[in-house]
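Take a look at the structure below.
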Ligand SMILES: C[S@@+](CC[C@H](N)C(=O)[O-])C[C@H]1O[C@@H](n2cnc3c(N)ncnc32)[C@H](O)[C@@H]1O
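In the numbering used here, the protein residues as written are 67 to 465.
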């Protein structure tokens, strides 16, 4: 049996994913009652935002409205985290996770980062499995996640929530960047340019650090740079493999949700194929509906057309999975999510004197919670691409 299959079996036997899921759900609820569900004003604003977050997630700047990010996270974070657990199980099953001593992950349109939280768990468990069950050469994996997110409110949410989760956990923290991700707008993300313009990129990171917290230094250069009269001096030398813009995993989760928007990102999507290392994967998840079927088709055409101009190597990026993943709406995970929704609604009602939550919103929310309950099933589409680099005389290149 392969290592991945052994690992999968171990994860299931020890019920690792549910324990971790429940731990994160508990922390999430405590965070809400400590910081978000604390005043009538917040509760009233959340009640209004519920409608936006149930159907208008694509509207520009929607996440900058008061309590929008908090409301989005209440509705979607745990469910997406569960979906990503299922995605990674599927990838393990198909031996598609590019295990190596260093795994770099870039999540595009990260929101509350369900994809990174769930991947961080897989790496944590894989290390545990390797060390305890059968020491293997790869148990010293270094996981380096990063993200692209243009909403300041989401960036701040991630900063705050991750710090809290990493303080309050009882079985180990999550490797999610809480000093803010490197990239803001996907539209202006050009990996080819970045590759040649490292100095500019470093400067951007200084600004990022400066914006987040003037005392926070996250430089990878040995040079001294001055921003707004302050000096930033690194403690670390530049490590090309760690800091270059090359990734083993790039994920899009509910980011490319409209065909027209996806077409506008054609160049950037191709850029992601360019930025992958050998054996690296692009993961894309979205709804199981006709619109998304068309989007997935467009993404496939775009990525598979990616070619590298290099006489020494054959480079391809092919779709290796395109599946509908289903899960039971009465399983323990779904029950825990439902429990969390009930917890939120109860707290909102307590704070906002019941009648303040408009009946329509309550009904929509109930519909959302219960959708799929009758059929016992919810599903979504998973699409995975893998990059392969081989030398033109057929020797494999390690990227
Ligand atoms: C529907 S949410 C998905 C969030 C998360 N991936 C999930 O699965 O729950 C879309 C996210 O993409 C971000 N976003 C939208 N347009 C963007 C852009 N051009 N560049 C970077 N992030 C963007 C939004 O701020 C939001 O966090």
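We treat Cβ as the ideally placed atom computed from N, Cα and C, and that holds for glycine.
Only a predicted model underlies this, so the values are computations on that prediction, with no experimental measurement involved.
Between ligand 1 and the CB of residue 186, the shortest heavy atom gap is not smaller than 7 Å. Three or more Cβ pairs drawn from the region 131-150 and the region 399-414 lie within less than 8 Å of each other, which places the two stretches in contact. Checking the 7 Å criterion, the Cβ of residue 214 is within range of a heavy atom belonging to ligand 1. The nearest non-hydrogen atom of ligand 1 is less than 7 Å from the C-beta of residue 142. The residue from 76, 77, 83 with its alpha-carbon nearest to that of residue 402 is 83.
The three-state reading of DSSP puts residue 454 in strand, counting E and B together.
Close CB contacts of residue 335 within its chain, under the 7 Å cut and outside five residues either way in sequence, are with 365, 368, 369 (chain order). The Cβ atoms of residue 171 and residue 257 do not sit closer than 8 Å to each other. At least one heavy atom of ligand 1 lies closer than 7 Å to the C-beta of residue 217. About 4 Å separates the Cβ atoms of residue 241 and residue 186, confirming a contact at the 8 Å cut-off. Taking the Cβ of residue 321 as the reference point, at least one heavy atom of ligand 1 falls within a distance shorter than 7 Å. By the criterion of a C-beta distance shorter than 6 Å, residue 208 is surrounded in its chain by 168, once the five residues flanking it on both sides are discounted. Here residue 114 carries a helix assignment [DSSP, helix/strand/coil].
For residue 176, the shortest separation between its Cβ and any heavy atom of ligand 1 lies below 7 Å. Secondary structure at residue 382: strand, using DSSP grouped into helix, strand and coil. Inter-segment contact for the region 220-238 and the region 129-137 is present: three or more beta-carbon pairs are separated by less than 8 Å. Under DSSP, the beta-bridge partners assigned to residue 342 are 313. Per the coordinates, the alpha-carbon of residue 252 lies some 33 Å from the alpha-carbon of residue 99.
The straight-line gap separating the alpha-carbon atoms of residue 81 and residue 373 is approximately 42 Å. Listed in chain order, the non-local C-beta contacts of residue 330 below 8 Å within the same chain comprise 253, local neighbours out to five positions each way being set aside.
Within the DSSP secondary-structure output, residue 356 pairs in no beta bridge.
Distances between the C-beta of residue 180 and the heavy atoms of ligand 1 include at least one below 7 Å.
Looking at the DSSP output, residue 447 bridges to 352, 390. Three or more beta-carbon pairs separated by less than 8 Å link the region 438-454 to the region 351-365, which places the two stretches in contact.
In the structure shown, residue 319 falls within a strand segment according to DSSP collapsed to helix, strand and coil. Short of 6 Å from the beta carbon of residue 189, and not among the five residues preceding or following it, lie these beta carbons of its own chain, in chain order: 207, 209.
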